[in-house]
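Engineer:
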Amino acid sequence: MKCVILSPYAHLPGHHWANAVQLANALHDSGNEVRLISSFNPINGIEPHSSIRCSVVMPKWAHIFSSAVKKTHTSNLNITIRQNIETAVCILKGIPYSLRGWHLHFIDARFLILLLSVIATRLSMTCLAGGGYAFSDSTNDSKRQTAKQKIVDKLFGLAFRTGKFALNCETDDVRNSWLYYLPDANIYTIPVAICLPITTTDKYISRLKLELPVDKPVFLIFGTHRSDKDYHTVIRAAKRLNGAIHLLFAGPLISDNDPALIAKSLGYTDLTVINDFIPESDVESCFSASDAIIVSYPADFDRGSIVLIQAAAYGKPVIASKSITFVQFFQKYCIGELFEINDENHLAEIMINLSHHDKLNSYIKEIERASKDHSWTNTSKIYLKYFESKKI
Numbered sequence: 000m001k002c003v004i005l006s007p008y009a010h011l012p013g014h015h016w017a018n019a020v021q022l023a024n025a026l027h028d029s030g031n032e033v034r035l036i037s038s039f040n041p042i043n044g045i046e047p048h049s050s051i052r053c054s055v056v057m058p059k060w061a062h063i064f065s066s067a068v069k070k071t072h073t074s075n076l077n078i079t080i081r082q083n084i085e086t087a088v089c090i091l092k093g094i095p096y097s098l099r100g101w102h103l104h105f106i107d108a109r110f111l112i113l114l115l116s117v118i119a120t121r122l123s124m125t126c127l128a129g130g131g132y133a134f135s136d137s138t139n140d141s142k143r144q145t146a147k148q149k150i151v152d153k154l155f156g157l158a159f160r161t162g163k164f165a166l167n168c169e170t171d172d173v174r175n176s177w178l179y180y181l182p183d184a185n186i187y188t189i190p191v192a193i194c195l196p197i198t199t200t201d202k203y204i205s206r207l208k209l210e211l212p213v214d215k216p217v218f219l220i221f222g223t224h225r226s227d228k229d230y231h232t233v234i235r236a237a238k239r240l241n242g243a244i245h246l247l248f249a250g251p252l253i254s255d256n257d258p259a260l261i262a263k264s265l266g267y268t269d270l271t272v273i274n275d276f277i278p279e280s281d282v283e284s285c286f287s288a289s290d291a292i293i294v295s296y297p298a299d300f301d302r303g304s305i306v307l308i309q310a311a312a313y314g315k316p317v318i319a320s321k322s323i324t325f326v327q328f329f330q331k332y333c334i335g336e337l338f339e340i341n342d343e344n345h346l347a348e349i350m351i352n353l354s355h356h357d358k359l360n361s362y363i364k365e366i367e368r369a370s371k372d373h374s375w376t377n378t379s380k381i382y383l384k385y386f387e388s389k390k391i
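Residue 0 is where the sequence shown starts when you use numbering that gives the first Met the number 0, and the numbers rise one by one after that.
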């Protein structure tokens, strides 16, 4: 199998580049020929195997145009235009490979450009879909019934009917949300994955490195600070415990949902906030320093969460809100405890219970099983089957 992994947003905060490199490495390790393409230089230091050719393809004209767009357009329009450019240059670089029989797989992309490319070239392309798609007839809000939206809806149907386009989703719920509108489309579920084995550091040493307290449990809230994360409930729950635990928020701030400001407004001070991209060398320290991981989202959150798998890989239990994704995951892997949405009392109770080592140890077998099942070694086999499918 020959495959090109394209990551247009490798330079942005998140898991774009990490997923691209780890999938590429796993495919390479199983005897496949792999190339990596990104628009700009990747944001983090994850490196592909030395024998995997990696290309950064944003041309000078696109840099100039992108800078001009940034100066002259509003934020949302600016992001849309720039991401379309980034997707387009990756596609242009990938097409010659596709013409020689290589498979093109995108780690996220702007769908408008991608769909037009599939329809125009009839070349096989697949893409990771992080969430569901808001089709124009899926809402009663007349403001969303725009001509552009309807055109994109039509393009999805045309692209899937070529038989050359497919999506993979990280959860069955996301997949089902697509299939509801496109029942005959090639859409697959492939779960998130992580590289194993994981190197860990002594908890005490990690806490000293991050300047965390060593005399109380530390609960980690890890990842990009997006607007849909429920930090208010987490901080209110911690405040109820009167200094018995410490919170560690670690990840880049990309919205107004700043845990430092929320904590200040609630009068809570027993926390450490790192509002920045966490390099790989410090990811290990964050997880190693923690006793458990907290993930808190609204009830309808249905996307995959790499933090669950990261926690399992580091041998840490998870406290998660009863969101769709987490309820389904915990039914298969009991790696911690679920708390009621927006219920700070329930969360505080679980935090205290998980502070005891006997309780922590009770999840070890399930944590190990979840970690093994979501290794890139196993997940890459699903990708191979998916790429080699005669349907695409």
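Beta carbons are placed, not taken as given, at the ideal position from N, Cα and C, and that holds for glycine. Predicted model only: the values in this text are computed from it and were never measured.
Using the Cα positions of L11 and I36, report the straight-line distance between them to the nearest angstrom.
Structural biologist: Their backbone Cα atoms lie some 15 Å apart in a straight line.
Engineer: For the alpha helix (DSSP H) that contains M57, what are its first and last residues?
Structural biologist: Where M57 is concerned, there is no enclosing alpha helix (DSSP H), given that its DSSP letter is neither H nor E.
Engineer: Do C168 and I197 come within 8 Å of each other at the CB atom, strictly closer than that value?
Structural biologist: The answer is no: Cβ separation not under 8 Å.
Engineer: Compare the beta carbon distance of L219 and I273 with 8 Å and say whether it is the shorter of the two.
Structural biologist: No, these two residues do not count as a Cβ contact at 8 Å.
Engineer: If you scan the segment 151-216 from start to end, which runs of the beta strand (DSSP E) of 3 or more residues do you find wholly inside it?
Structural biologist: Complete beta strand (DSSP E) runs here, min 3: 164-168 and 186-188.
Engineer: Do you know how far the Cα of K384 is from the Cα of R206?
Structural biologist: Distance between the alpha carbons of R206 and K384 is about 42 Å.
Engineer: What are the boundary residues of the beta strand (DSSP E) that L11 is part of?
Structural biologist: Neither: L11 is in no beta strand (DSSP E) and is coded neither H nor E.
Engineer: Can you tell which of R34, Y296 and Y267 has its C-alpha closest to the C-alpha of E339?
Structural biologist: When each option's Cα is compared against that of E339, the closest is Y296.
Engineer: Are there any heavy atoms of the ligand GTP lying less than 7 Å away from the beta-carbon of Y313, as far as the coordinates show?
Structural biologist: This structure simply doesn't include the ligand GTP, nor any ligand for that matter.
Engineer: Out of S284, S29, L337 and D227, state which residue places its alpha-carbon closest to the alpha-carbon of Q309.
Structural biologist: Closest option to Q309, Cα to Cα, is S284.
Engineer: Label K163 either buried or exposed according to how many other C-beta atoms from any shown protein chain fall within 10 Å of its C-beta, with 16 as the threshold for buried.
Structural biologist: Buried, by the Cβ-count rule.
Engineer: Would the beta-carbon of I51 fall within 8 Å of that of A19?
Structural biologist: No.
Engineer: Under the three-state reduction of DSSP, which class applies to F221: helix, strand or coil?
Structural biologist: Of the three classes helix, strand and coil, the one that applies to F221 here is strand, per DSSP.
Engineer: So, with DSSP's three-state summary, where would you put F338?
Structural biologist: Here F338 sits in strand by DSSP.
Engineer: Note down, in chain order, each residue of its chain lying with its Cβ closer than 6 Å to the Cβ of H245, except the 5 sequence neighbours on either side.
Structural biologist: Contacts found: P212, K215, V217 and D269.
Engineer: Under three-state DSSP, which class holds T232?
Structural biologist: In this structure, T232 counts as helix in the three-state DSSP scheme.
Engineer: Figure out for me which residue from T125, R34 and W177 has the closest Cα to the Cα of K92.
Structural biologist: The candidate whose alpha carbon is nearest that of K92 is R34.
Engineer: Return yes when the Cβ of S226 is within less than 8 Å of the Cβ of A312, no when it is not.
Structural biologist: In this structure, S226 does not lie closer than 8 Å to A312 by Cβ.
Engineer: Tell me the DSSP secondary structure of L240 in three-state form.
Structural biologist: In the structure shown, L240 sits in coil (DSSP, three-state: anything other than H, G, I, E or B).
Engineer: Does the beta-carbon distance from G314 to I366 come in below 8 Å?
Structural biologist: Contact flag set, yes.
Engineer: Excluding the 5 residues preceding and the 5 following V88 in the sequence, name in chain order all residues of the same chain whose CB lies nearer than 7 Å to its CB.
Structural biologist: Excluding sequence neighbours, V88 sits near S38, V56, M57, P58 and A61.
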